[in-house]
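Enquirer: Supplied in structure tokens, the structure appears directly below.
2 protein chains.
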Amino acid sequence: MNDRTTADETHVGLVDAGTHVESFRQTRSNRRTELVEDYVELIADLIDHDGEARQVDIAQRLGVAQPTVAKMLKRLATEGLIQQRRYRGVFLTEEGKELARVSRERHQVVESFLCALGISPETARIDAEGIEHHVSAETLEAFRVYLKR
Amino acid sequence: MNDRTTADETHVGLVDAGTHVESFRQTRSNRRTELVEDYVELIADLIDHDGEARQVDIAQRLGVAQPTVAKMLKRLATEGLIQQRRYRGVFLTEEGKELARVSRERHQVVESFLCALGISPETARIDAEGIEHHVSAETLEAFRVYLKR
DNA sequence: GGATAAACATAGCCATTGCTATCTTTCAGA
DNA sequence: TCTGAAAGATAGCAATGGCTATGTTTATCC
């Protein structure tokens, strides 16, 4: 059809294949970690709010079934982010607390940034939940700068 | 630990459970559709640029193996987004073209917006790839408004 | 203290999305 | 034209993240 390869490239949306693949790889990598971050962040919130994080509460908040939570908690435990005692609640390890702190702060910055742009609180909350995991350090810093404008 | 339930709620990061679950449901729903959008957008780009969309090219761009692409194309075909002829390239249906158009435009707005915030083109490209699928119509409009500032 | 409800554990199922290995088809060049 | 390389098709495997059903433990309430 056409064979534009220089200035027109961006016009047809095709960057260099090498850089293109890198974006997708990064995105797939983010997609693998976002569930973990969601869990750890939620567990920290529940502990702060209720003093404990029970599977039923996590399941209710996430909108999934309790065995789904149980399976994921095993994964978090093997990754060293939480500690479990049978038939008891879960607790964050130091590593888990740190991940929760970083995730929560990033989440907060993203949500505040969207609100500052004039987006409604409800939409900002929903969009931030999805966007937060794909925001690099550089972009997060730009959001912070905008908030301090 | 504590039992703050009113003004302090946002401080401890716990909104109402009903709204909370809705955010996560929406995010999970977005996660299911984002791969489809990635494929359709890329297929449209390849057709515009090369006149055809071959499995090997799609695979190279996405950084996955060719059989992975073949499997996904079957899904896109059953969803009515593309047409396939054995041992030939793929073509977008009208529905596929429309989805590609919408995805591509949204992608462009997100990437331009990030650049306008002062983020480097490389980071903007990577982050936009992940963020675009989680941007609601309202947020997209806010990005557009900012770009027209 | 014993019954019952709630919470957690576990087994087993399914769909998705990746992979390698291998077969079939197409196509270009000698 | 024929042959070899490249592209697509297909089979089969693994990990992930959902689910239901059901068993086990804990906690609560007479």
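These protein sequences, in sequence, are chains A and B. When we follow this note's numbering, the leftmost residue of the first sequence carries the number 1, and every step to the right adds one. When we follow this note's numbering, the leftmost residue of the second sequence carries the number 1, and every step to the right adds one. Ideal placement from N, C-alpha and C gives every residue a C-beta, glycine not left out.
Can you name the residues of chain B whose CB is closer than 9 Å to the CB of residue 117 of chain A?
Expert: 139, 142, 143, 145 and 146
Enquirer: Do residue 127 of chain B and residue 114 of chain B have their C-beta atoms closer together than 8 Å?
Expert: yes
Enquirer: Mind listing the chain A neighbours of residue 129 of chain B? Cutoff is C-beta to C-beta under 7 Å, in chain order.
Expert: 23, 24 and 27
Enquirer: Does the CB of residue 126 of chain B have a neighbour CB from chain A at under 8 Å?
Expert: yes
Enquirer: Cα separation between residue 1 of chain A and residue 52 of chain B?
Expert: Per-residue confidence for residue 1 of chain A stands at a pLDDT of 35, beneath the threshold of 50, marking its modelled position as unreliable; the derived number appears in the next sentence. The straight-line gap from Cα to Cα measures roughly 8 Å.
Enquirer: Provide the residue(s) that pair with residue 92 of chain A in DSSP beta bridges, ordered along the chain.
Expert: Per the DSSP secondary-structure output, residue 92 of chain A pairs in a beta bridge with A/82.
Enquirer: Helix, strand or coil: how does DSSP classify residue 132 of chain B here?
Expert: helix
Enquirer: If you measure beta-carbon to beta-carbon, which residues of the stretch 94-123 of chain B are closer than 9 Å to chain A?
Expert: 104, 107, 108, 114, 117, 118, 119, 120, 122 and 123
Enquirer: How big is the Cα-Cα spacing for residue 54 of chain A and residue 44 of chain A?
Expert: 11 Å
Enquirer: Pull up the distance between the alpha-carbon of residue 101 of chain A and that of residue 37 of chain B, whole angstroms please.
Expert: 32 Å
Enquirer: Name the chain A residues whose beta carbon is nearer than 8 Å to that of residue 60 of chain B?
Expert: 17 and 21
Enquirer: Among A/145, A/49, A/148 and A/134, which has the Cα closest to the Cα of residue 34 of chain A?
Expert: It is A/134 whose Cα lies nearest to the Cα of residue 34 of chain A.
Enquirer: I need the straight-line Cα distance from residue 117 of chain B to residue 92 of chain B, nearest angstrom please.
Expert: 34 Å
Enquirer: For residue 166 of chain A, name the three-state secondary structure that DSSP assigns.
Expert: Past the edges of chain A, shown from 1 to 149, lies residue 166 of chain A, and the structure says nothing about it.
Enquirer: Within 8 Å of any Cβ in chain B, is that where the Cβ of residue 6 of chain A sits?
Expert: Unreliable placement is indicated for residue 6 of chain A, whose pLDDT of 32 sits below 50; the coordinate value is still reported in the next sentence. By this cut-off, residue 6 of chain A is not an interface position.
Enquirer: Who are the Cβ neighbours of residue 106 of chain B in its own chain at under 8 Å, not counting the five residues just before and after it?
Expert: Counting only Cβ-Cβ distances below 8 Å, and skipping sequence neighbours, we find 132, 135 and 140.
Enquirer: Determine the burial state of residue 87 of chain B: buried for a count of at least 16 other Cβ atoms within 10 Å of its Cβ, exposed for fewer.
Expert: It is exposed - the Cβ of residue 87 of chain B has fewer than 16 other Cβ atoms within 10 Å.
Enquirer: Sorted by chain position, which residues of the same chain lie with C-beta nearer than 8 Å to residue 147 of chain B's C-beta, five sequence neighbours on each side aside?
Expert: Spatial neighbours of residue 147 of chain B in its own chain (CB-CB distance under 8 Å, excluding positions within 5 residues in sequence) are listed in chain order as 109, 112, 113 and 116.
Enquirer: Please list the partners that residue 63 of chain B has in chain A, where partner means a Cβ-to-Cβ separation under 7 Å.
Expert: Among the residues of chain A, those whose CB is under 7 Å from the CB of residue 63 of chain B are 21, 24 and 25, following chain order.
Enquirer: Comparing C-alpha positions only, which one of A/145, A/149, A/144 and A/130 sits nearest to residue 27 of chain A?
Expert: A/130
Enquirer: Where does residue 23 of chain B land, buried or exposed, given buried means 16+ other C-beta within 10 angstroms?
Expert: buried
Enquirer: Quick one: Cα of residue 46 of chain B to Cα of residue 32 of chain A, how far?
Expert: 27 Å
Enquirer: Which chain A residues are close to residue 14 of chain B, counting only those with a beta carbon under 7 Å from its beta carbon?
Expert: Residues of chain A passing the Cβ test: 45 and 49.
Enquirer: Can you tell me whether DSSP reads residue 65 of chain B as helix, strand or coil?
Expert: Coil.
Enquirer: In chain A, what lies closer than 9 Å to residue 135 of chain B by C-beta?
Expert: 127, 130 and 131
Enquirer: Identify whether residue 102 of chain A lies in helix, strand or coil by the three-state DSSP scheme.
Expert: helix
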